[in-house]
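Asks: Residue numbers for the sequence shown follow my numbering, so the first one is 233 and each next one is one higher.
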Amino acid sequence: MEVGVRILGVVLRLLNLLLAPLFWLRARDRRALTPPKPLLLRSAKEHAAAVRNGEITSEELVTVYIERVKEVNPLLNAVVEERYRAALEDAKEVDRKIQEAKDNGVLVQFVQNKPLLGVPFTVKESCSLAGLSNAVGCLEFAGRKATNDGEAVRLVKQAGGIPLLVSNTPELCLGWETTNLLRGTTNNPYCLDRTPGGSSGGELHDTRVA
Numbered sequence: 233m234e235v236g237v238r239i240l241g242v243v244l245r246l247l248n249l250l251l252a253p254l255f256w257l258r259a260r261d262r263r264a265l266t267p268p269k270p271l272l273l274r275s276a277k278e279h280a281a282a283v284r285n286g287e288i289t290s291e292e293l294v295t296v297y298i299e300r301v302k303e304v305n306p307l308l309n310a311v312v313e314e315r316y317r318a319a320l321e322d323a324k325e326v327d328r329k330i331q332e333a334k335d336n337g338v339l340v341q342f343v344q345n346k347p348l349l350g351v352p353f354t355v356k357e358s359c360s361l362a363g364l365s366n367a368v369g370c371l372e373f374a375g376r377k378a379t380n381d382g383e384a385v386r387l388v389k390q391a392g393g394i395p396l397l398v399s400n401t402p403e404l405c406l407g408w409e410t411t412n413l414l415r416g417t418t419n420n421p422y423c424l425d426r427t428p429g430g431s432s433g434g435e436l437h438d439t440r441v442a
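(1) Nearest by alpha-carbon distance to I224: which of K269, N420, T289 is it?
(2) Let me know the beta strand (DSSP E) ranges lying completely inside the region 277-350, each 3 residues or longer, listed in chain order.
(3) Does the distance from the CB of R284 to the CB of V343 come in under 8 Å?
(4) For D327 and L339, I'd like the C-alpha separation in whole angstroms.
(5) Please determine, among K356, V355, A378, E372, the residue with the shortest C-alpha to C-alpha distance to N366.
(6) Distance check for V237 and L244, CA to CA, integer angstroms please.
(7) Report the rounded CA-to-CA distance for V443 versus G392, giving the unit in angstroms.
(8) Is the region 397-414 touching the region 427-434 in the sense that three or more CB pairs, one from each, lie closer than 8 Å?
(9) Going by other Cβ atoms of all chains shown within 10 Å of its Cβ, with 16 needed for buried, is Y297 buried or exposed?
(10) Starting from V388, trace the alpha helix (DSSP H) both ways and give me its first and last residue.
(11) Assign E291 to buried or exposed, taking buried as 16 or more other Cβ atoms, counted over all protein chains shown, within 10 Å of its Cβ.
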């Protein structure tokens with residue numbers, strides 16, 4: 233047994249020597265992220281206030297975020313599954329209700345318990361967004377969908393937030409970098425040749441869509 237372990241150790245070291253140059257070359261990916269958009273540098277609180285005050289509609293805000301995610305995701309590989317069309321419908325409904333509340337003079341009451349009304353957000357796959365992927369990077373669970381919202385997701389939606397997508401994680405969230413056999417590896421948005429860490433590497437992508 234001990235001899236077998238030693239032989240295995242030698243083989244692994246040899247493989248490491250052979251493969252290290254290949255991984256080094258792969259890590260030299262210097263593709264630049266596209267430039268930031270000032271609107272996306274605002275906080276969720278600022279976005280919510282802008283939607284309430286009519287500076288921007290929820291539909292416009294959600295559209296900007298969707299476009300930005302589409303720009304950067306080919307470089308980062310963070311999106312597991314999206315609901316862009318449904319999110320835009322949600323945003324239109326928010327805009328309709330805000331206008332209706334303004335017309336009836338009850339806007340303050342309508343938004344009182346909705347501090348994130350009309351603001352888009354993203355969901356770590358393991359946190360469960362009803363109807364979207366919940367495989368958490370595990371081949372055994374490929375194709376599995378969340379049947380209900382996780383508690384954190386439920387509360388953000390209750391506060392008026394609009395979910396856009398579920399993001400990548402390590403397999404079952406058991407890793408220090410965001411890679412799995414289902415979705416591949418998520419890259420670091422600050423530097424594409426580095427790991428974003430884990431288990432919320434896909435969410436790091438989404439905090440840097442700006």
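In this text, a Cβ means the ideal position worked out from N, Cα and C, and glycines have one as well.
Replies: From the atom records:
(1) There is simply no residue 224 to check, as the chain begins at 233 and stops at 442 in what is shown.
(2) 311-314
(3) Closer than 8 Å, so yes.
(4) 12 Å
(5) A378
(6) 10 Å
(7) A query on residue 443 cannot be resolved here, the shown segment of the chain reaching from 233 to 442 and no further.
(8) yes
(9) Under this definition Y297 is a buried residue.
(10) From DSSP, the alpha helix (DSSP H) with V388 extends over 383-390.
(11) buried
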